[in-house]
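Numbering (the UniProt record's numbering), first residue to last: 1 to 87. All residues carry an ideal CB built from backbone N, CA and C; glycine is no exception.
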Amino acid sequence: MSQQNVLEKVQYLIAEALDLKPAEIHAEQSFRGDLRADSLDSVEIIMSIEEAFGVEFDEDSAAKVETVGDVVAYIERALAQKHAVSA
Numbered sequence: 001m002s003q004q005n006v007l008e009k010v011q012y013l014i015a016e017a018l019d020l021k022p023a024e025i026h027a028e029q030s031f032r033g034d035l036r037a038d039s040l041d042s043v044e045i046i047m048s049i050e051e052a053f054g055v056e057f058d059e060d061s062a063a064k065v066e067t068v069g070d071v072v073a074y075i076e077r078a079l080a081q082k083h084a085v086s087a
């Protein structure tokens, strides 16, 4: 899955959780500051991302995610590791 595809899917999932349009969500935006996501929103977003991409965030990783771009980078790393293990 390309970085653009991951970003688009993440934008859609975040938009759905926060009642926004996907086009309003950009990689450099922070969840709390720019998107005004509270902790419950953040948990919901992480859970929907885990389900959609088949990846898991441990507590430390989830706590370090501050921007949309951080989520995309994490997903890409997790998918790459998953692919390397299954190859």
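Write down the C-beta distance between residue i and residue j rounded to the nearest angstrom, noting that I regard them as a contact closer than 8 Å.
| i | j | result |
| --- | --- | --- |
| GLN4 | ILE25 | Incorrect: roughly 14 Å between the Cβ atoms, too far for contact. |
| PHE53 | LEU79 | 7 Å |
If you measure between the beta carbons of residue i and residue j, is that distance less than 8 Å?
| i | j | result |
| --- | --- | --- |
| VAL55 | ILE75 | yes |
Please report the distance separating the alpha-carbon of residue i from that of residue j.
| i | j | result |
| --- | --- | --- |
| VAL6 | ALA17 | 17 Å |
| ILE45 | ILE14 | 6 Å |
| LYS9 | SER48 | 11 Å |
| ASP38 | ASP60 | 18 Å |
| ASP41 | GLU50 | 14 Å |
| LEU35 | LEU20 | 9 Å |
| ILE84 | MET1 | A small fix is needed here, since residue 84 is Ala in this sequence, not Ile. Computed Cα separation, rounded: 14 Å. |
| LYS82 | VAL65 | 20 Å |
| PRO22 | SER86 | 32 Å |
Can you tell me which of the options puts its alpha carbon nearest to the alpha carbon of residue i?
| i | options | result |
| --- | --- | --- |
| ALA63 | VAL85, HIS83, ARG32 and LYS21 | ARG32 |
Does the ligand COA have even one heavy atom less than 7 Å from the beta-carbon of residue i?
| i | result |
| --- | --- |
| GLU59 | This structure lacks the ligand COA; in fact it carries no ligand of any kind. |
Quiz item: So, do the segment 54–69 and the segment 14–32 have three or more beta carbon pairs nearer to each other than 8 Å?
Solution: yes
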